[in-house]
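**Q** I am attaching a structure below and will ask some questions about it afterwards.
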Amino acid sequence: MPRPIRALAAVAAALALVSACNSASNHTDPGKPGGGAQAVRGVSADSIKVGGIVSMTSAGGYSKKDTDLGAKARYLRANAEGGVNGRKIDYIGAEDDGQDPGKNLAAARKLVQQDKVFAVSPMSSVTFSGADFLEQEQVPTFGWGTLPSFCGPKYIYGFNGCLVPSPGGSINQTWPEGIGQVLGGKRGKSVAIIANDSDAGKFGIRTFQQGFTSAGFTVSYAKASVPATAVPSDWSAYVKDILAGNGGKGPDAVISVMQTPNNIGLFTALKRGGYQGLLSDPTDYDPGLLAKDATKQALDGVHVLLQFEPFESRSAGMTRFKADIKAAAGGQEVPLNMHMLTGYMSADLFLSIAQRAGKDLTVASFQAAAQGFSDTGTLVGDRSEPKGQKDSFGCGALVQLRQGKYEVSVPFTCHEPIPFG
786 MPRPIRALAA VAAALALVSA CNSASNHTDP GKPGGGAQAV RGVSADSIKV GGIVSMTSAG
846 GYSKKDTDLG AKARYLRANA EGGVNGRKID YIGAEDDGQD PGKNLAAARK LVQQDKVFAV
906 SPMSSVTFSG ADFLEQEQVP TFGWGTLPSF CGPKYIYGFN GCLVPSPGGS INQTWPEGIG
966 QVLGGKRGKS VAIIANDSDA GKFGIRTFQQ GFTSAGFTVS YAKASVPATA VPSDWSAYVK
1026 DILAGNGGKG PDAVISVMQT PNNIGLFTAL KRGGYQGLLS DPTDYDPGLL AKDATKQALD
1086 GVHVLLQFEP FESRSAGMTR FKADIKAAAG GQEVPLNMHM LTGYMSADLF LSIAQRAGKD
1146 LTVASFQAAA QGFSDTGTLV GDRSEPKGQK DSFGCGALVQ LRQGKYEVSV PFTCHEPIPF
1206 G
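Its first residue numbered 786, the sequence shown is counted upward by one per residue in my numbering.
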């Protein structure tokens, strides 16, 4: 009988493993089926072992913990439907990296060297220091492709493609096209783009500055200047710089490439400073945020970028997603959020490729299946590999928080990407 889904491993185990890993072998042979020394890591006759890495906690209080629930929901349905080519998914849960680079690498090492997983899915964090290790160990890894590590490596996949491409790749134009639609046009309109002072923030500024400029906007401000380790207590200097742009008139839209705590502080300060333009970010689609009046007020009017179908959609795929989440939550209705979708679709892409790899599952057969993989009509649009390791799948939507409820402001659609240079 296949082993049941196990509880989340203690974070202390991951930390304790660091010293042990220093003397351990740096490479584990993924092997071939058949048992003994040639056994495939994480694959038995009736199961496939999978683990995750998720920022369950962080110094700023931000949590992606529901990513784990989303992955669990998808794996539970897969198992209920008979598994993958006769094998059930043994999902051991997600390690908490605390958004700390050292813990991210430690979690990756633990999952591979101690837990012996076949794949890591999901991986959801603002840091991915374990990427080189997972690539070296030939571990298929799936997550939200918002970091450069999802773009280029052979064994790492973004569930909606590569969102921070290297030169020669392409840029998803959902955000500028959607903002242009809300503003009634792009020509003659200006945007300010702000991000954290981190590698991901700097890359985001570069990417979105090119995307908005190519769409026809004037970018009046583009800085990765907000500390990545702590939320500022005083946003006045940032607001002053943003509003000074566009000839002193202020931008038509402020685009924040940051997480919720920063967005709450920035947007509140902008509103108090008299700004009445459009506000947008890619993270604040979370009904749980509406429980606090102060948070609800700070985010009121904000247009949130989604790279998946909105929960308000009535499609068959969204109906199934909601049912799967409810089942994973023990039959309870829980507020949906984008972290659940991140985990769910990371798991879904892994399962879809593994299914095509056939009964003889090895890392080699999995990678061969990925090379020719494509499908259509998913919650993130049409998918294709290895295209997704260089380009995004190009689809998305905008939702706006209005008087305590999310409303679709730009429906889910796909746009032709532009070359990144």
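Every residue gets a Cβ at the ideal spot worked out from N, C-alpha and C, and that includes glycine.
Fair warning: this is a prediction, and the values are worked out from it, not measured in the lab.
Using CA atoms only, rank isn't needed, just tell me which of ASP1069, VAL911, ALA1182 and SER1065 is closest to SER983.
**A** Numbered from 1 along the sequence shown, position 198 holds the residue referred to as residue 983. Measuring from the Cα of SER983, the nearest candidate turns out to be VAL911.
**Q** State buried or exposed for GLN1188, treating a residue as buried only when at least 16 other CB atoms are found within 10 Å of its CB.
**A** By 1-based counting over the sequence shown, the position of residue 1188 is 403. The residue is exposed, with fewer than 16 neighbouring Cβ atoms inside 10 Å.
**Q** Quick one: give me the first and last residue of the beta strand (DSSP E) that SER906 is part of.
**A** Indexing the sequence shown from 1 puts residue 906 at position 121. Note, SER906: beta strand (DSSP E), 904-909.
**Q** Quick check: what's the CA-CA separation for THR959 versus VAL897?
**A** The residue labelled residue 959 in the question sits at position 174 within the sequence shown. The residue labelled residue 897 in the question sits at position 112 within the sequence shown. Each residue's alpha carbon lies about 36 Å from the other.
**Q** For the alpha helix (DSSP H) containing ASP1026, name the first residue and the last one.
**A** As a first step, residue 1026 is located in the sequence shown; it is residue number 241 there, counting from the start. Its alpha helix (DSSP H) spans residues 1021-1029.
**Q** LYS873: which of LEU1028, ALA893, ALA1139 and LEU932 sits nearest, CA to CA?
**A** For the purposes of this step, residue 873 is taken as residue 88 along the sequence shown, with counting starting at 1. Comparing Cα positions, the closest option is ALA1139.
**Q** Helix, strand or coil for VAL924, going by three-state DSSP, please let me know.
**A** Sequence index remark: in the sequence shown, residue 924 carries index 139 (1-based). Reduced to three states, the DSSP call for VAL924 is coil.
**Q** Looking only at C-alpha atoms, which of LEU932, SER843, LYS1111 and SER914 sits nearest to ASP1208?
**A** This structure cannot speak to residue 1208, because the chain is shown only from 786 to 1206.
**Q** Rounded to whole angstroms, what is the Cα-Cα separation between PHE927 and VAL1119?
**A** Stepping through the sequence shown from its first residue, residue 927 is reached at position 142. Stepping through the sequence shown from its first residue, residue 1119 is reached at position 334. As the crow flies, the alpha-carbon of PHE927 is around 24 Å from that of VAL1119.
**Q** To which residues of the same chain is GLY846 closer than 7 Å at the C-beta, ignoring the five residues directly before and after it?
**A** In the sequence shown, the residue the question calls residue 846 occupies position 61. Excluding sequence neighbours, GLY846 sits near PRO1046.
**Q** When we look at the beta-carbon of GLN1061 and count the other beta-carbons within 10 Å, is it buried (16 or more) or exposed?
**A** Position 276 of the sequence shown, counted from the first residue, corresponds to residue 1061. Exposed.
**Q** How would you label GLY954, buried or exposed, when you count the other beta carbons within 10 angstroms and need 16 or more for buried?
**A** One-based indexing of the sequence shown puts residue 954 at position 169. With 16 or more other Cβ atoms within 10 Å, it is buried.
**Q** Relative to the alpha-carbon of PRO1036, which residue among ASP1109, ARG1141 and ALA1007 has its alpha-carbon at the smallest distance?
**A** Numbered from 1 along the sequence shown, position 251 holds the residue referred to as residue 1036. With distances taken between Cα atoms, PRO1036 lies closest to ALA1007.
**Q** Alpha helix (DSSP H) containing GLU757: first to last residue?
**A** The requested residue 757 does not occur in the structure, where the chain is confined to residues 786 to 1206.
**Q** Which value, in whole angstroms, describes the spacing of the CA atoms of ALA1022 and LEU1055?
**A** For the purposes of this step, residue 1022 is taken as the residue at position 237 of the sequence shown. For the purposes of this step, residue 1055 is taken as the residue at position 270 of the sequence shown. Going from the Cα of ALA1022 to the Cα of LEU1055 covers about 11 Å.
**Q** Excluding the 5 residues preceding and the 5 following GLU962 in the sequence, name in chain order all residues of the same chain whose CB lies nearer than 6 Å to its CB.
**A** Numbered from 1 along the sequence shown, position 177 holds the residue referred to as residue 962. Around GLU962: HIS1200.
**Q** In this structure, does DSSP put VAL1087 in helix, strand or coil?
**A** The residue given as residue 1087 occupies position 302 in the sequence shown. Note: VAL1087 maps to coil in three-state DSSP.
**Q** At what residue ranges does the region 1135-1204 contain a whole run of the alpha helix (DSSP H), taking only runs of 4 or more?
**A** 1148-1156
**Q** Output yes or no for whether 8 Å exceeds the beta carbon distance between ILE1040 and ALA1083.
**A** Here residue 1040 corresponds to residue number 255 of the sequence shown, with the count starting at 1. Here residue 1083 corresponds to residue number 298 of the sequence shown, with the count starting at 1. In this structure, ALA1083 does not lie closer than 8 Å to ILE1040 by Cβ.
**Q** Starting from LEU1209 and walking both ways along the alpha helix (DSSP H), at which residues does that stretch end?
**A** Any question about residue 1209 goes unanswered here, given that the chain covers just 786 to 1206.
**Q** Which two residues bound the contiguous beta strand (DSSP E) that contains LYS895?
**A** Walking along the sequence shown from the start, residue 895 turns up at place 110. Element bounds for LYS895: n/a, residue is neither H nor E.
**Q** How about PHE1106 and TYR1070: are their beta carbons less than 8 Å apart?
**A** As a first step, residue 1106 is located in the sequence shown; it is residue number 321 there, counting from the start. As a first step, residue 1070 is located in the sequence shown; it is residue number 285 there, counting from the start. In this structure, TYR1070 does not lie closer than 8 Å to PHE1106 by Cβ.
**Q** For ASP982, is the beta carbon positioned less than 7 Å from some heavy atom of the ligand ADP?
**A** The model on display carries no ligand, and the ligand ADP is accordingly not part of it.
**Q** Can at least three beta-carbon pairs, one atom from the region 1174-1186 and one from the region 932-951, be found at a separation below 8 Å?
**A** yes
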